[in-house]
Amino acid sequence: MSALFKFASLLQVLLLLICSSTYVHTQWPSLLQNNNQNGILRVFWKFARIGERASPYVSLACILMAINQFNS
Numbered sequence: 000m001s002a003l004f005k006f007a008s009l010l011q012v013l014l015l016l017i018c019s020s021t022y023v024h025t026q027w028p029s030l031l032q033n034n035n036q037n038g039i040l041r042v043f044w045k046f047a048r049i050g051e052r053a054s055p056y057v058s059l060a061c062i063l064m065a066i067n068q069f070n071s
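Counting from 1, position 47 in the sequence shown corresponds to residue 46 in numbering that gives the first Met the number 0; the numbering is continuous, with no gaps.
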């Protein structure tokens with residue numbers, strides 16, 4: 000079944016996008032420098048902002064996602 004049809008899988012994909020975008024932004028800040036970009040880079044910039052500003056909650060969600068994967 001696709002990740003778009005299962006709510007838990009959709010949350011997992013969004014969380015991984017947030018974590019990946021934040022990592023890319025910290026390693027290569029010029030790639031996602033500002034929000035004046037169009038298209039997909041703007042979406043990644045927004046995900047990176049969410050990861051930077053809500054990092055304790057994102058890290059807690061990553062831990063819960065890992066525990067959920069181990070229990071499955």
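Virtual Cβ for every residue (Gly too), placed ideally from N, Cα, C.
| Check | Outcome |
| --- | --- |
| By the DSSP assignment, the alpha helix (DSSP H) with Ser54 in it spans what residues? | 54-70 |
| Can you name, in chain order, every residue of its own chain whose Cβ lies under 7 Å from the Cβ of Glu51, other than the five neighbours on each side? | Thr21 |
| In whole angstroms, what is the alpha-carbon distance linking Leu59 and Asn70? | 17 Å |
| Could you check what DSSP says for Leu40 in three-state terms: helix, strand or coil? | helix |
| Going by beta carbon distance, what residues of the same chain come within less than 7 Å of Ile17, once the five residues before and after it are set aside? | Phe46, Ile49, Gly50, Val57 |
| Of all the options Gln11, Pro28, Leu40, which has the alpha carbon lying nearest to the alpha carbon of Ile66? | Gln11 |
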